[in-house]
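Q: The working numbering numbers the first residue of the sequence shown as 1 and each following residue consecutively. By construction, the Cβ of each residue, glycine as well, lies at the ideal position given by its N, Cα and C atoms. The structure is given below, and queries will be raised subsequently.
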Amino acid sequence: MNFKQATYLYLSRDFYSKLSIKPFDNANVIQWNFALTKELEIPEGFGEDILSFLKGKQSEYFKHVFAQAYAGHQFGHFTMLGDGRTAVLGEWVGNQEAYEIQLKGSGPTPYSRRGDGKATLRAMLREYLISEAMHGLGISTSRSLAIYDSGEKIQRNALEDGAILVRLMKSHLRVGTFEYARYFLDHRALVQLFDFCVDRFYPEVKQEENPVLSFISRVAEKQFDLIAHWMRVGFIHGVMNTDNTAISGETFDYGPCAFMNRYDPMTVYSSIDSQGRYAFGNQPNCIQWNLVRLTEALLPLIATDEKKAISLATSLIESFEGRWKSSYYAMMLEKIGLSTQNTEGIALVDNLVTLMKQHGADYILTFAGLCHPVEPSLTPWEKLDFKAWKARWLQLSDKETTSIANRLKQMQSKNPLFIPRNEWVEKLIDSTTKEHSFSAFHEAAKIFANPFILPKDPSLFIPSSESWEDSYKTYCGT
Ligand code: AMP
Ligand code: MG
1 MNFKQATYLY LSRDFYSKLS IKPFDNANVI QWNFALTKEL EIPEGFGEDI
51 LSFLKGKQSE YFKHVFAQAY AGHQFGHFTM LGDGRTAVLG EWVGNQEAYE
101 IQLKGSGPTP YSRRGDGKAT LRAMLREYLI SEAMHGLGIS TSRSLAIYDS
151 GEKIQRNALE DGAILVRLMK SHLRVGTFEY ARYFLDHRAL VQLFDFCVDR
201 FYPEVKQEEN PVLSFISRVA EKQFDLIAHW MRVGFIHGVM NTDNTAISGE
251 TFDYGPCAFM NRYDPMTVYS SIDSQGRYAF GNQPNCIQWN LVRLTEALLP
301 LIATDEKKAI SLATSLIESF EGRWKSSYYA MMLEKIGLST QNTEGIALVD
351 NLVTLMKQHG ADYILTFAGL CHPVEPSLTP WEKLDFKAWK ARWLQLSDKE
401 TTSIANRLKQ MQSKNPLFIP RNEWVEKLID STTKEHSFSA FHEAAKIFAN
451 PFILPKDPSL FIPSSESWED SYKTYCGT
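This is the structure:
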């Protein structure tokens, strides 16, 4: 087996707490990701190993299970956190990369504070579906390997079925891990964490003039690219705290996330985000804010002289906005099949989103209507304003040097035909949990693996109804 203890354990003991999991006597597997196990060559028997471990049997593999320590800025406020309901089992070494394997909802840890360390079946079904849909959409994300019924009821607003998700990530290291080392540990710990991270993810920065600045710059690049992808598909993470921003550039922590239907940059679903801090259109600001927190945490390593470190850090931070804009417009231009050389393209992108906002147009169907065979009545393209925009777009398209066929192909690969619509997903989860029957869920998980081809089920196209969307709320820690 290509399974070993996590390399994270090379870090000093301050960075984690060893765990023993309280057994779940009645646990059972309810969802297994065959596509992922094939991709990573994980033997199916591995699911049985996890199940026996959950039931409390001694395991030859899972001997070094732990919870990570980290801090983080939550809605702007700094606090000590740590894995409150997750446990890292170890690492799977695939043919290209290593993945940390983590249980979510497996019980309390030393960092649980007042939480029970558990997760509801509803929330884990949702995380599984959305994370795998994100992968299908071509976006870097934590993967969901399996869901186990925990065999117990847990208390939320009412008693609910509990579940345990098996999640894979290249690394769970986050901006908050650096904040923890800087503000709760000492200089040596910060150096150790930095060296570990560089060796693991960005070894090339060691050759650079200032490896710390280069490292932050690489993380920024990955994060800008990631957020541009989120904006490509109307994804709202919902809780972009620094503890939920991965150094590896993977999307993770699917709690209050949701997909926007009608375009409005102020769209928020999270029940606790009353100020709209993490609204769709604020995500670029939030990621820059988080990257500034990473830079601050690493300040003592940038230069020994503090003034010099601040000056170097400031120049780097000042480059963020311009770099974000490049990532964003490159992505949006790809969505409309224009190249970055097309100088009027940027204004055209801005015009389109303004129109979408004015008309409350559906985000996905607007773009899909430009390049996929979508029923025109589902899109806004018959409206006069949109027709005028399209005429301008066609004029600019004529200036492109690549063939129409190639540009169309590129647009089709950036603009999905369907996404997990909030109403659709909630109804699926309602019926799955009510009947405790998982076949429709298994099917759905497969469908979202390819959102760029026409689905058999036409309901997948349909945006959530307006009245339903207006009262829809999402939650953390469920
Ligand atoms: P999040 O906002 O989901 O990133 O969670 C913030 C913190 O709360 C993390 O440290 C989580 O591990 C912890 N947490 C969330 N839900 C629970 C729970 N039910 N029990 C214990 N800790 C939790
Ligand atoms: Mg989190």
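With distances taken from CA atoms, which of Ile447, Val219, Met124 is nearest Ala35?
A: Measuring from the Cα of Ala35, the nearest candidate turns out to be Ile447.
Q: Thr7 to Ile164, Cα distance in whole Å?
A: For Thr7 and Ile164, the distance between alpha carbons rounds to 23 angstroms.
Q: By the three-class DSSP mapping on this structure, what secondary structure does Asp149 have?
A: Asp149: strand per DSSP, three-state reduction.
Q: Rounding to the nearest angstrom, what Cα-Cα distance links Leu352 and Trp389 in this structure?
A: Each residue's alpha carbon lies about 7 angstroms from the other.
Q: Does the stretch 312-326 come within contact of the stretch 362-376, defined as at least 3 CB pairs closer than 8 angstroms?
A: Contact between the stretch 312-326 and the stretch 362-376 is absent, because fewer than three Cβ pairs lie under 8 angstroms.
Q: CB-CB under 7 angstroms to Glu344, same chain, minus the five flanking residues each way: which ones, in chain order?
A: For Glu344, where only same-chain residues beyond five positions count, the Cβ hits under 7 angstroms are Leu396.
Q: Among all the DSSP beta bridges, which residues are the ones paired with Asp350?
A: Note: Asp350 sits in no beta bridge, so no partner.
Q: On the three-state DSSP scale, how would you describe Leu137?
A: Coil, per DSSP.
Q: Let me know the alpha helix (DSSP H) ranges lying completely inside the stretch 8-78, each 4 residues or longer, listed in chain order.
A: Correct list: 34-39, 45-54.
Q: Where do the ends of the alpha helix (DSSP H) carrying Gly162 lie?
A: First-last for Gly162: 159-169, but that is the beta strand (DSSP E), not the alpha helix (DSSP H).
Q: Near Lys4, which residues of its chain fall below 7 angstroms by C-beta distance, leaving aside the five closest residues on each side in sequence?
A: Here the set comprises Gly90, Glu91, Val93.
Q: Give every residue of the same chain whose Cβ lies closer than 7 angstroms to the Cβ of Gln192, excluding the five residues on either side of it in the sequence, and list them in chain order.
A: Taken in chain order, the residues that qualify are Leu11, Ser12.
Q: Taking Gly151 as the reference, which of Phe66, Leu168, Thr120 has the closest Cα?
A: Comparing Cα positions, the closest option is Thr120.
Q: Within 10 Å of its beta-carbon, does Ser248 have 16 or more other beta-carbons around it, so buried, or fewer, so exposed?
A: Result: buried.
Q: Under 6 angstroms Cβ to Cβ from Asp161, same chain only, skipping five residues before and after it: list those, please.
A: Cβ neighbours of Asp161 beyond the five flanking positions: Leu121.
Q: Taking the DSSP output, what are the residues bridged to Glu466?
A: The partner list for Glu466 (beta bridge, DSSP) is empty, contrary to what the question assumes.
Q: Check whether the Cβ atoms of Ala297 and Phe178 sit closer than 8 angstroms, and answer yes or no.
A: Contact flag set, yes.
Q: CB Leu51 to CB Tyr148, shorter than 8 angstroms?
A: Closer than 8 angstroms, so yes.
Q: Indicate, with yes or no, if ligand 2 has a heavy atom lying under 7 angstroms from the CB of Asp243.
A: Yes, the beta carbon of Asp243 sits closer than 7 angstroms to at least one heavy atom of ligand 2.
Q: On the DSSP bridge assignment, give the partners of Glu318 in chain order.
A: None; Glu318 has no bridge partner.
Q: I want to know whether the stretch 227-234 touches the stretch 202-212 - three or more CB-CB distances under 8 angstroms.
A: Result no; under three Cβ-Cβ pairs closer than 8 angstroms.
Q: Going by DSSP in three states, Leu173 sits in which element: helix, strand or coil?
A: Coil, per DSSP.
Q: On the DSSP bridge assignment, give the partners of Gln155 in chain order.
A: The partner list for Gln155 (beta bridge, DSSP) reads Leu159.
Q: Distance check for Thr402 and Asp273, CA to CA, integer angstroms please.
A: C-alpha separation (whole angstroms): 44 angstroms.
Q: Answer yes or no: do Leu125 and Thr379 have a C-beta to C-beta separation smaller than 8 angstroms?
A: For Leu125 and Thr379, no; Cβs fall outside 8 angstroms.
Q: Given the structure, does Arg277 come close to ligand 1, in the sense that its CB is under 7 angstroms from one of the ligand's heavy atoms?
A: No, the beta carbon of Arg277 sits no closer than 7 angstroms to any heavy atom of ligand 1.
Q: Can you name, in chain order, every residue of its own chain whose Cβ lies under 8 angstroms from the Cβ of Leu333, other than the five neighbours on each side?
A: So the qualifying residues of the chain are Ser339, Thr340, Asn342, Gly345, Ile346, Val349.
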